[in-house]
Every structure is written in structure tokens, then in C-alpha cells.
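Novice: If you read the protein sequences in the order shown, they are chains Y and P.
Here numbering that gives the first Met the number 0 is used: the first residue of the first sequence is 0, the next is one more, and so on.
Here numbering that gives the first Met the number 0 is used: the first residue of the second sequence is 0, the next is one more, and so on.
Every residue gets a Cβ at the ideal spot worked out from N, C-alpha and C, and that includes glycine.
Structure provided below as C-alpha cells; questions to follow.
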Amino acid sequence: MEVILAGGAGLALGMVMQRLHLHRREDVRCAVGLLAPQVLRKLLLALGVGVMFTALLMWLAVIDIDTVAAPVLDGGTLLGGVVFGAALGWSGMGPGTSGAVLGADRFFEGACAVAGCAAGALALPYAEKAFPALRGWLEGGGYTLFRVTLDEPFLFAGGFLGQGCVGLLIVIAGLCVRRAHEEPPQEAPAAAPAAAAEPEDVQEDAFVAILPGEEPVVVDTGEEEVEEEDKEDNENG
Amino acid sequence: MIQLVLYAMTAVGAFLAALPERIRRRKEPRLRSTWQGCLVCFGAGVIMVLAAGLARMNGQLLLGLLQGSASAYVFAAVAWLAGLVAARIKERRRRT
Numbered sequence: 000m001e002v003i004l005a006g007g008a009g010l011a012l013g014m015v016m017q018r019l020h021l022h023r024r025e026d027v028r029c030a031v032g033l034l035a036p037q038v039l040r041k042l043l044l045a046l047g048v049g050v051m052f053t054a055l056l057m058w059l060a061v062i063d064i065d066t067v068a069a070p071v072l073d074g075g076t077l078l079g080g081v082v083f084g085a086a087l088g089w090s091g092m093g094p095g096t097s098g099a100v101l102g103a104d105r106f107f108e109g110a111c112a113v114a115g116c117a118a119g120a121l122a123l124p125y126a127e128k129a130f131p132a133l134r135g136w137l138e139g140g141g142y143t144l145f146r147v148t149l150d151e152p153f154l155f156a157g158g159f160l161g162q163g164c165v166g167l168l169i170v171i172a173g174l175c176v177r178r179a180h181e182e183p184p185q186e187a188p189a190a191a192p193a194a195a196a197e198p199e200d201v202q203e204d205a206f207v208a209i210l211p212g213e214e215p216v217v218v219d220t221g222e223e224e225v226e227e228e229d230k231e232d233n234e235n236g
Numbered sequence: 000m001i002q003l004v005l006y007a008m009t010a011v012g013a014f015l016a017a018l019p020e021r022i023r024r025r026k027e028p029r030l031r032s033t034w035q036g037c038l039v040c041f042g043a044g045v046i047m048v049l050a051a052g053l054a055r056m057n058g059q060l061l062l063g064l065l066q067g068s069a070s071a072y073v074f075a076a077v078a079w080l081a082g083l084v085a086a087r088i089k090e091r092r093r094r095t
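What follows is the structure, given as C-alpha cells:
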């Protein structure tokens with residue numbers, strides 16, 4: 000049963016990743032570099048809604064809070080974050096999105112990404128011997144932001160409501176990203192000037208200005224009088 | 000086993016979701032893999048799995064973000080800042 004659920008969840012996850020354009024490495028790179036606000040907006044909205052629903056399900060006891068574990072925050076978290084982020088920003092893919100890359104256009108790049116993740120997983124037990132020295136420069140502990148477990152230490156009071164507010168803040172941040180990069184609204188094209196109500200009344204040397212919803216206004220440019228004066232001058236001269 | 004099934008079905012799901020667009024654009028030239036791209040993807044996969052292991056975030060990042068783990072939020076913030084710099088440098092090099 001669990002295998003079927005995992006398969007269904009993976010299928011849905013792959014479809015969502017494809018719709019979010021996470022299979023395109025360029026789009027992911029631009030989203031991380033704040034160069035593609037529409038992708039970043041989608042990611043923030045997805046994360047924010049996910050945090051809110053997780054808080055709701057934890058409050059309703061659908062998610063067992065005994066399974067919630069807070070990983071230790073120490074020097075390894077910061078160092079690993081820097082290395083992970085640099086590789087993510089440079090390559091435009093992550094361990095989670097490599098499966099989506101595999102199922103998209105660039106099959107061989109996805110296959111290499113999956114092979115790289117597998118090689119990393121194989122090398123991880125050997126690298127664990129060097130990790131304590133890399134983690135030890137900053138001591139820390141495992142915390143949750145709010146009190147959502149029975150025994151894990153937490154940083155702020157507020158419980159599940161506070162956790163839901165964090166999700167709401169992420170959603171608002173996503174909406175602000177869109178607004179900050181939104182192009183100014185284009186003006187509606189001006190309506191085509193209506194034809195003159197009585198074309199025979201309009202003289203050839205008159206300038207006609209017609210505004211939408213208004214009666215045609217005929218403005219005499221005075222060119223006819225100037226031409227008559229010129230003719231009189233020529234005859235007299 | 001469960002994680003392997005989840006991972007494999009992610010690729011299947013992405014393939015199925017991309018299928019209508021592929022059929023619609025079957026006459027247009029498709030994006031092709033390059034050996035540089037393959038090399039970058041392989042190296043990035045190794046480095047990211049090791050970095051996530053260093054931070055104890057292998058398979059825990061998204062879960063930690065959803066469940067409110069402080070270390071997951073710190074890891075995501077630091078990773079995003081580093082990724083921002085790396086992505087900007089990469090894009091600048093690519094466009095010049």
C-alpha cells in the first residue's frame with residue numbers, strides 16, 4: 000500500500016514540477032537569481048500554501064506530531080547550505096528536480112544528474128568521517144520555529160497558528176514578488192474615430208477632430224482665406 | 000524502496016505532463032543535451048547530496064520547511080543567498 004501511495008505521490012510531484020518549469024535548468028537558475036519572478040512567485044506560493052496546510056493538518060492531528068523531528072542547527076547547516084546553494088545556482092537543478100529533468104527534453108543531462116546524486120549517496124558514508132570537523136565550528140541544537148511538537152525545543156510561542164502565519168507570510172512574499180516586477184498596464188488602444196455624421200458637410204481644407212462619444216467638431220484652419228488673399232495680391236501685383 | 004519508487008515516478012510524471020506539449024511541438028527542434036551540461040549535472044548532483052548530508056538535510060529540507068524546523072529555514076536561506084550569487088554570475092557569463 001505504501002509503495003502505491005509513494006508511486007502516486009511521485010507521479011503527481013513530477014507533473015507539478017513539470018508545470019512549474021522545474022525541469023528547465025535555466026528557469027530554475029533564473030528563479031534562484033531573481034531573474035524569473037514568475038517562477039519564483041509560483042515556488043513561494045506553493046511553499047506558503049504547503050506550510051499553511053501542514054500546520055492545519057498538524058493542528059487537526061491528521062499528521063502525527065510525534066514523527067516531527069528537528070535537525071540540528073550547527074556549522075554544518077551553514078556550510079552545507081552555502082555549498083548546496085552555490086551548486087544549485089550554478090547548475091540550475093537540485094536532487095529533487097533531477098527526476099523531472101530526466102523526464103523532460105534533456106534526457107542525458109537528467110540521467111547524469113541522477114547518476115551524480117547516486118554517486119553522492121554512495122560516497123556519503125565515507126564523507127561522514129570528515130563531517131564532524133566541519134560541523135564543530137558552530138555548536139547548536141535542534142529547534143522548531145514554533146511549539147508544534149511535544150518535546151522538541153522551540154524558538155517562538157504561537158504553536159500551529161504561528162506556523163500557519165509563517166505560511167501566510169510566504170504567500171504574501173510571493174505575491175509581492177509578482178507585484179514588484181509587474182509591467183505597467185498597457186493603455187487600451189484608442190477607439191477608431193467614428194465616421195463623420197454628415198461627410199458632405201466637411202470641407203476638404205478643414206481639420207476634423209473627433210473624440211470617442213462626442214459629436215464631430217469642425218475646425219476651420221483658415222487656409223482658404225489665406226489662398227484668396229494670395230490670389231488677390233497676385234492679381235493686383 | 001519507497002523513496003526509490005517516489006523518485007522513479009517523479010520522472011514518469013514529468014514525462015507524462017510534458018507529453019502534450021511534445022506532441023504539439025513535434026516539428027520544432029528540441030532541446031538537446033550537451034556534454035558540458037551533462038558534466039555540470041553530474042558534478043552538481045554529487046556536491047549537492049554531500050552538502051545536504053553535511054547539513055543533515057538529505058530528504059529533510061522540504062519536510063523541515065513544511066513542519067517549521069529552524070535548521071531547515073536557516074539552510075534554505077543560506078542556500079538561497081549562495082545560489083543567488085552563483086546564478087547571477089553564471090547568467091552574466093552565459094550572456095557575454
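Against Leu10(Y), what residues of chain A qualify as contacts under a CB-to-CB distance less than 7 Å, listed in chain order?
Specialist: You won't find chain A in this structure, because its protein chains are Y and P.
Novice: With 9 Å set as the bound, which would you pick, yes or no: does the beta-carbon of Pro36(Y) sit closer than that to a beta-carbon of chain P?
Specialist: No - not a single Cβ of chain P is within 9 Å of the one on Pro36(Y).
Novice: Within 8 Å, do at least three Cβ pairs link the stretch 25-36 of chain P to the stretch 28-36 of chain Y?
Specialist: These segments do not touch.
Novice: DSSP three-state label for Thr143(Y), please.
Specialist: Strand.
Novice: Listing by chain order, which chain Y residues have their CB less than 9 Å from the CB of Lys89(P)?
Specialist: Within chain Y, the residues near Lys89(P) are Arg28, Gly32, Gly88, Trp89, Ser90, Gly91.
Novice: Considering only their Cβ atoms, is the gap separating Ala71(P) from Gly237(Y) smaller than 9 Å?
Specialist: Residue 237(Y) cannot be examined here, being either before or after the span of chain Y that is shown, 0 to 236.
Novice: Look up Ser32(P) in the DSSP assignment and say whether it is helix, strand or coil.
Specialist: Reduced to three states, the DSSP call for Ser32(P) is coil.
Novice: Which bits of chain Y does Arg29(P) rub up against, with CB to CB less than 7 Å?
Specialist: The answer, in chain order, is Asp104.
Novice: Would you call the CB atoms of Ala85(Y) and Val39(P) closer than 9 Å?
Specialist: The answer is no: Cβ separation not under 9 Å.
Novice: Could you check if Gly140(Y) is buried or exposed, using at least 16 other CB atoms within 10 Å of its CB as the buried criterion?
Specialist: Burial call: exposed.
Novice: Would you say Thr33(P) faces chain Y, with C-beta separation under 9 Å as the test?
Specialist: It does: the Cβ of Thr33(P) has a partner Cβ on chain Y nearer than 9 Å.
Novice: Ends of the alpha helix (DSSP H) at Leu83(P)?
Specialist: Looking at the DSSP string, the run of the alpha helix (DSSP H) that includes Leu83(P) is 69-94.
Novice: What residue range is occupied by the uninterrupted beta strand (DSSP E) comprising Leu154(Y)?
Specialist: Segment 153-155, the beta strand (DSSP E) holding Leu154(Y).
Novice: What residues in the stretch 40-55 of chain P have a beta carbon less than 7 Å from any beta carbon of chain Y?
Specialist: If the cut-off is 7 Å between Cβ atoms, the stretch 40-55 of chain P has Cys40, Phe41, Gly42, Ala43, Gly44, Val45, Ile46, Met47, Val48, Leu49, Ala50, Ala51, Gly52, Leu53, Ala54, Arg55 near chain Y.
Novice: Let me make sure I understand the geometry here. Which of Ala68(Y), Pro36(Y), Leu77(Y), Pro94(Y) has the alpha-carbon closest to that of Ala10(P)?
Specialist: Closest option to Ala10(P), Cα to Cα, is Pro94(Y).
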